[in-house]
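Undergrad: Before I ask anything, here is the structure I am working with.
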Amino acid sequence: MNVANIFRILNAIILWGSMFFIPGKSIKRFLPVTLFCSCILLIETLLSFVFKWWRVKGGKKYMVYDSIAFILGPFFTVNIWVFHLTYGKFIRYAGLNLIIDLLFAYPLNAFFQKIGHYKLYKFTSFSLFISAFVYSLINYGFQMLYERPPKDYIKTDKVSKTELTVK
Numbered sequence: 340m341n342v343a344n345i346f347r348i349l350n351a352i353i354l355w356g357s358m359f360f361i362p363g364k365s366i367k368r369f370l371p372v373t374l375f376c377s378c379i380l381l382i383e384t385l386l387s388f389v390f391k392w393w394r395v396k397g398g399k400k401y402m403v404y405d406s407i408a409f410i411l412g413p414f415f416t417v418n419i420w421v422f423h424l425t426y427g428k429f430i431r432y433a434g435l436n437l438i439i440d441l442l443f444a445y446p447l448n449a450f451f452q453k454i455g456h457y458k459l460y461k462f463t464s465f466s467l468f469i470s471a472f473v474y475s476l477i478n479y480g481f482q483m484l485y486e487r488p489p490k491d492y493i494k495t496d497k498v499s500k501t502e503l504t505v506k
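Just so we're aligned, residue 340 is where the sequence shown starts under this note's numbering, counting upward by one.
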């Protein structure tokens, strides 16, 4: 078993094990935004076949395995953790994402390439950082829109401007 496979297994056990420390209410609350951005990352993976942004040793089949392992492993769990710890405090959310994305784009990216996880070709560490940070901002916007009550369905009393009923 090579180093990359050992890393994948340990990564999955540790990160998914950490989910037991997040309240189920938070997981349920932030699951839609995590699934939304997971779909964006899957689209990015499909586009990487066309534009040859990166390659995985073993070809397209292993690229799909690695992408799914990343999206359903560290990305999924870290995304829920970050939202659980920071949602509602945008500066804290953006700052934590900035730190995580910088760590991912530079030291972790170099480590992953060294152990044979993948090899960047037309993607640079900087473009990896920018795309990850932009995704985090899109995520925050999605979550805000998702939690916003629809105004069309709330009737208000015109005199007192108070909420009367919800259809």
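From the three backbone atoms N, C-alpha and C, an ideal C-beta is built for every residue, glycine too.
(1) Give the straight-line distance between the Cα atoms of Asn-448 and Gly-480, rounded to the nearest whole angstrom.
(2) Please classify Arg-347: does DSSP put it in a helix, a strand, or coil?
(3) Which of helix, strand or coil does DSSP assign to Arg-394?
(4) Between Ser-475, Arg-347, Met-483, Gly-427, which has its C-alpha nearest Asp-440's C-alpha?
(5) Thinking just about the alpha-carbon of each residue, which of Trp-420, Ser-387, Ile-348 is nearest to the one in Phe-462?
(6) At which residues does the alpha helix (DSSP H) containing Met-358 begin and terminate?
(7) In this structure, how does DSSP classify Lys-458 when only helix, strand and coil are distinguished?
(8) Determine the DSSP secondary structure at Lys-428, reduced to helix, strand or coil.
(9) Touching or not, the segment 404-414 and the segment 424-438, by the rule of three or more beta carbon pairs under 8 Å?
(10) Could you check what DSSP says for Arg-487 in three-state terms: helix, strand or coil?
(11) Rounded to a whole number of angstroms, what is the C-alpha to C-alpha distance between Leu-349 and Val-417?
(12) Would you kindly check if the distance between the Cβ of Lys-367 and the Cβ of Tyr-460 is under 7 Å?
(13) Alpha helix (DSSP H) containing Ile-407: first to last residue?
(14) In chain order, what residues of the same chain lie with their CB nearer than 7 Å to the CB of Phe-451, ignoring the 5 residues before and after it?
(15) Thinking just about the alpha-carbon of each residue, which of Cys-376, Phe-359, Phe-369 is nearest to the one in Gly-427?
(16) How would you call Phe-414, buried or exposed, if buried means at least 16 neighbouring beta carbons within 10 angstroms?
TA: Based on what the coordinates show:
(1) For this step, residue 448 is matched to residue 109 along the sequence shown. For this step, residue 480 is matched to residue 141 along the sequence shown. Distance between the alpha carbons of Asn-448 and Gly-480: 27 Å.
(2) The sequence position of residue 347 within the sequence shown is 8, counting from 1. Here Arg-347 sits in helix by DSSP.
(3) Taking the first residue of the sequence shown as position 1, residue 394 is located at position 55. Looking at Arg-394 - three-state DSSP - the assignment turns out to be strand.
(4) Taking the sequence shown and counting its residues from 1, one reaches residue 440 at position 101. Of the listed residues, the one whose Cα sits closest to Asp-440 is Ser-475.
(5) Counting from one through the sequence shown, the residue named residue 462 turns up at place 123. Measuring from the Cα of Phe-462, the nearest candidate turns out to be Ser-387.
(6) Against the sequence shown, residue 358 aligns to sequence position 19. Element bounds for Met-358: n/a, residue is neither H nor E.
(7) Within the sequence shown, the letter at position 119 stands for residue 458. If DSSP states are grouped into helix, strand and coil, Lys-458 belongs with the strands.
(8) Working through the sequence shown from its first residue, we reach residue 428 at position 89. Residue state, collapsed to three classes: coil.
(9) no
(10) Taking the sequence shown and counting its residues from 1, one reaches residue 487 at position 148. DSSP places Arg-487 in coil when its eight states are reduced to three.
(11) Counting from one through the sequence shown, the residue named residue 349 turns up at place 10. Counting from one through the sequence shown, the residue named residue 417 turns up at place 78. Looking at the two C-alpha atoms, the distance is approximately 15 Å.
(12) Taking the first residue of the sequence shown as 1, we reach residue 460 at position 121. Taking the first residue of the sequence shown as 1, we reach residue 367 at position 28. Not in contact: Tyr-460 and Lys-367 (Cβ atoms no closer than 7 Å).
(13) Locating residue 407 in the sequence shown gives position 68, where the first residue counts as 1. Element bounds for Ile-407: 399-409.
(14) One-based indexing of the sequence shown puts residue 451 at position 112. Closer than 7 Å at Cβ, skipping near neighbours: Tyr-457.
(15) Sequence index remark: in the sequence shown, residue 427 carries index 88 (1-based). Nearest of Cys-376, Phe-359, Phe-369 to Gly-427, Cα basis: Phe-369.
(16) Along the sequence shown, read from residue 1 onward, the residue named residue 414 stands at position 75. With 16 or more Cβ atoms within 10 Å of its Cβ, Phe-414 is classed as buried.
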